Amino acid sequence: MTDLTRLTAAELAAKIHAREVTSVEVTQAHLDRIAEVDDAVHAFLHVDAEGALEAARSVDGDLAEGRQPASPIAGVPLALKDVLTTKGVPTTCGSKTLENWLPPYDSTVTRRLRKAGVVILGKTNMDEFAMGSSTENSAFGPTRNPWDRDRIPGGSGGGSSASLAAFEAPLAIGTDTGGSIRQPASVTGTVGVKPTYGGVSRYGLVAFSSSLDQAGPCARTVTDAALLHEAIAGHDPLDSTSVNVPVPPVVEAARQGATGDLKGVRVGVVTEFAGEGYQPGVQRSFEAAVAQLRELGAEVVEVSCPHFTYALPAYYLIAPSECSSNLARFDAMRYGLRVADDGDHSAEEVMSLTREAGFGAEVKRRIMLGTYALSSGYYDAYYGSAQKVRTLITRDFTAAFEQVDVLVSPTTPTTAFRIGERVDDPLAMYLADLCTIPSNLAGNAAMSVPSGLSEDDGLPVGLQIMAPALADDRLYRVGAAYEVARGPLLDRVPELKGVSA
Amino acid sequence: MSNISRDEVAHLAKLARMAVTEEELDVFAGQLDQILDAVAKVGEVAADDIPPTSHAVPLTNVFREDVVRPGLTQQEALAGAPAAEEGRFRVPRILGEEQ
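Sequences listed follow chains A and B, in order. In this text, residue positions in the first sequence follow this note's numbering: the first is 1, and each later residue adds one. In this text, residue positions in the second sequence follow this note's numbering: the first is 1001, and each later residue adds one.
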């Protein structure tokens, strides 16, 4: 029998819907795989075997009674980032603060997945409250990169990306505030998409930086990502920043792209994202990718976006500012951790001691940085200036998209670094998001698609594709064409079977 | 541009309601100083005539019909409480010793 964990979501759905296999069999195969390899990978913080099998049985029951599948991916298992609420199922955000929290409600993404018949296997590891680029900031220990378990799987969504590369799940959900979907995809050889801001509801997505946070699909193929994108996207009255426009035709675009024809597509190479700080193997992979796009018929030009180099500093003012405000909700009063409630300490002391005990170093750093940037006397120089840079970056994108249909760059300047390498050097860690941040600040859509292995260390490299807001379909057309031309990558990931932690 | 002292970090931690340790004050003072030096780069291009952007999409008030919708029950709302009594959140005393 075929190893069900090696199939794509589209292939699994076809088999389940044709009743060649049951969703229960597919789900059990993935649960078995998790039991076998997750000690070595640590992609999951919580596995909900019972809930997953129940959802799978429901899909199988519907099909047995002759009903149409609830969606094109009904019955297919998925790994959900632990920052999206799941009713009655732990949601920790990788923080001790929420270690024992059982949310009383589902996020909109969770609800849409359930409605689409997608089987939620469990919750994936992440940097605490999605702050980080390596998953080392999780209070529950790091996730390891299936390509090399001494290396990081990216972050903050390293659990989601690793679960795909370790064949523990064919689909995953991530959230991307500064690159937390795309950078993990890049360093694990998987596909990750940050939809246009407002394209996917943030209701029930535990907020880090509300003007930047965006949930999106993670998968092993561009088509699978498109199928998942369609299942979770669309207007939601429960999120006031949700855009009320039709979901871009991403599945159709992936299908069109897979024909391998990019004639008439204008591609812009961002000239600012090259040179010093870029690993030679990443640079060469990117040059090969550009040549490949040209061969597929695309018209390639260089485009300058002069303010993109200011995106990283602007982000590290805007995101901490919003985080310092958002994380004020963890006050030890209504839910989450409470310490020192012994009758001797006042509410304010309990609050301070709880936040000290519950938050890790990176979260504390960002809360203090944001508190500083928003304080009177510093506001204009820091937060105010960062907001102006945000305008300049948006203008750079607008000017660029007058000349080209999509922009491309490396997703991140290096391949996966070693666990521990950057953990005491915040600025070095922040550089991982250098190329991904502009699209968060401007709110446009962006994707990372596998771009082979770096010739200097044999680790995966990602190609970033950026499209204008609401033109997410362009990512899928270009991404699918490139994916077909490059050929599969994940069949080269080292075998994890029989490993022990 | 920046020069964050240990005392300033202690002040920020107080504002943010975090009881940081002495060791943390030393580490964070150095790190915040370094980070602020790096991010101050935004000042190079933030000219007076550039309008600020707070959100990528224009924000407008979103209203809904004023009708009752299902919400959490009292039991559900209290289910995650660190402490509850008589159907309410129990909180530590509000005033400090000296007050």
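All C-beta atoms in this analysis are idealised placements derived from N, C-alpha and C, irrespective of residue type, glycine included. Given the structure is predicted, the values throughout are model-derived calculations rather than measurements.
Fill in: Selection of the segment 1030-1045 of chain B by Cβ proximity to chain A, strictly under 8 Å
The residues in question are Q1031, L1032, Q1034, I1035, L1036, A1038, V1039, A1040, K1041, V1042, G1043, E1044 and V1045.
Item to complete: Report yes if the CB atom of V41 (chain A) is closer than 8 Å to the CB atom of A162 (chain A), and no otherwise.
Response: Note that the C-beta distance between V41 (chain A) and A162 (chain A) is below 8 Å.
Discussion item. Within a Cβ cutoff of 6 Å, which residues of the same chain sit near F208 (chain A), ignoring the five residues on either side of it in sequence?
Written reply: Excluding sequence neighbours, F208 (chain A) sits near F129, A130, T177 and C323.
Worksheet entry | P450 (chain A) - containing beta strand (DSSP E), residue span | Where P450 (chain A) is concerned, the enclosing beta strand (DSSP E) stretches over A445 to L453.
Item to complete: Look up L1072 (chain B) in the DSSP assignment and say whether it is helix, strand or coil.
Response: In the structure shown, the three-state DSSP call for L1072 (chain B) is coil.
Practice prompt. Could you tell me whether the Cβ atoms of P237 (chain A) and A225 (chain A) are closer together than 8 Å?
Written response: No, the pair does not count as a contact, with Cβ atoms beyond the cut-off.
Item to complete: Would you grab the beta carbon distance between A485 (chain A) and Q292 (chain A) for me? Rounded to a whole angstrom, and I think it's under 8 Å.
Response: Rounded to the nearest angstrom, the Cβ distance from A485 (chain A) to Q292 (chain A) is 5 Å, consistent with a contact under 8 Å.
Worksheet item: Is the shortest distance between the beta-carbon of V1067 (chain B) and the beta-carbons of chain A less than 8 Å?
Response: No, V1067 (chain B) does not count as interfacial toward chain A.
Practice prompt. Write down every uninterrupted run of the alpha helix (DSSP H) in the segment 216-286 of chain A whose length is 4 residues or greater and which is fully enclosed by it, in chain order.
Written response: Complete alpha helix (DSSP H) runs here, min 4: 222-232 and 250-257.
Worksheet entry | For F401 (chain A), the residue or residues it bridges with in DSSP | As far as DSSP is concerned, F401 (chain A) takes part in no beta bridge.
Worksheet entry | Within chain A, the residues that S1054 (chain B) reaches when beta carbons sit closer than 7 Å | Under a criterion of Cβ atoms nearer than 7 Å, the residues of chain A adjacent to S1054 (chain B) are, in order, S211 and Q387.
Worksheet item: Apart from the five residues on each side of it in sequence, which residues of its chain come closer than 8 Å, Cβ to Cβ, to V1020 (chain B)?
Response: Correct list, in chain order: V1009, A1010, A1013 and F1028.
Worksheet item: For the alpha helix (DSSP H) that contains E348 (chain A), what are its first and last residues?
Response: That run of the alpha helix (DSSP H) goes A347 to G358.
Worksheet item: Exposed or buried, which one is V193 (chain A) when buried takes at least 16 other CB atoms within 10 Å?
Response: Buried is the call here.
Worksheet item: Can you tell which of A:V282, A:K115 and A:E349 has its C-alpha closest to the C-alpha of E455 (chain A)?
Response: For the residues A:V282, A:K115 and A:E349, the minimum Cα distance to E455 (chain A) belongs to A:V282.
Worksheet item: From the beta carbon of G377 (chain A), is the nearest beta carbon of chain B less than 8 Å away?
Response: Not one beta carbon of chain B lies nearer than 8 Å to the beta carbon of G377 (chain A).
Discussion item. Using CA atoms only, rank isn't needed, just tell me which of A:V303, A:A18 and A:P410 is closest to S432 (chain A).
Written reply: Note that residue 432 (chain A) is Ala in the sequence shown, not Ser. Sorting A:V303, A:A18 and A:P410 by C-alpha distance to the C-alpha of A432 (chain A) places A:P410 at the top.
Worksheet item: CA-CA distance, E495 (chain A) and E276 (chain A)?
Response: One C-alpha to the other measures close to 34 Å.
Worksheet item: According to the neighbour-count rule (16 or more other Cβ atoms, all chains shown, within 10 Å of its Cβ), is R19 (chain A) buried or exposed?
Response: The residue in question, R19 (chain A), is exposed, as its Cβ has fewer than 16 Cβ neighbours within 10 Å.
Discussion item. Per DSSP, what are the beta-bridge partners of P86 (chain A) in this structure?
Written reply: Note on identity: in this sequence residue 86 (chain A) is Thr, with Pro being the wrong assignment. DSSP output for T86 (chain A) lists A:V89 as bridge partner(s).
Discussion item. I want to verify the contact list: residues of chain A whose CB lies under 7 Å from the CB of R1064 (chain B), in sequence order.
Written reply: Result: P237.
Worksheet entry | Rounded separation between L63 (chain A) and E1086 (chain B) - CA only | Cα to Cα, the separation comes out at about 47 Å.
Worksheet item: For T506 (chain A), which of helix, strand or coil comes out of DSSP?
Response: An answer regarding residue 506 (chain A) cannot be provided, because it is not within the stretch 1 to 501 covered by chain A.
Worksheet item: Counting contacts by CB-CB distance shorter than 8 Å, is S500 (chain A) in contact with chain B?
Response: With a pLDDT of 49 at S500 (chain A), under the threshold of 50, the modelled position of this residue cannot be trusted; read the value that follows with caution. Proximity of S500 (chain A) to chain B, defined by a Cβ-Cβ separation below 8 Å, is not satisfied.
Worksheet item: What residues in the segment 312-326 of chain A bring their beta carbon closer than 7 Å to a beta carbon of chain B?
Response: Per Cβ criterion, the list reads P313, A314, Y316, L317 and S324.
Item to complete: Let me know the secondary structure DSSP gives P460 (chain A) once reduced to three states.
Response: In this structure, P460 (chain A) counts as strand in the three-state DSSP scheme.
Discussion item. Would G198 (chain A) pass as an interface residue toward chain B - the criterion being a Cβ-Cβ separation below 8 Å?
Written reply: True, the Cβ-Cβ gap to chain B drops below 8 Å.
Worksheet entry | Minimum C-alpha distance to V200 (chain A) - residue among A:Y383, A:E295 and A:S240 | That would be A:S240, whose Cα lies nearest to the Cα of V200 (chain A).
Item to complete: For A1081 (chain B), decide whether its Cβ has a neighbour in chain A, counting only Cβ atoms nearer than 8 Å.
Response: Output row for A1081 (chain B): interface = yes.
Fill in: Partner residues on chain A for L1015 (chain B), Cβ-Cβ distance less than 7 Å
Neighbours of L1015 (chain B) on chain A, chain order: T371.
Worksheet item: List, in order along the chain, the chain C residues whose C-beta lies closer than 9 Å to that of A1010 (chain B)?
Response: Absent from the structure is chain C; the protein chains it does hold are A and B.
Worksheet item: How about the segment 93-109 of chain A and the segment 346-363 of chain A: do they share at least three Cβ pairs that are nearer than 8 Å?
Response: As far as the Cβ criterion goes, the segment 93-109 of chain A touches the segment 346-363 of chain A, which means the pair count is three or higher.
Worksheet item: Thinking C-alpha only, which one of A:D396, A:N440, A:M351 and A:G452 is nearest R1017 (chain B)?
Response: Comparing Cα positions, the closest option is A:M351.
Discussion item. Would you say H30 (chain A) lies against chain B (beta-carbon separation less than 8 Å)?
Written reply: Interface with chain B (8 Å Cβ-Cβ cutoff): H30 (chain A) is excluded.
Worksheet entry | CB contact check: P1092 (chain B) to chain A, cutoff 8 Å | Chain A contact via Cβ: present.
Fill in: Nearest residue (CA-CA) to R492 (chain A), options A:V191, A:G122 and A:G458
Looking at the Cα atoms, A:G458 is the closest of the given residues.
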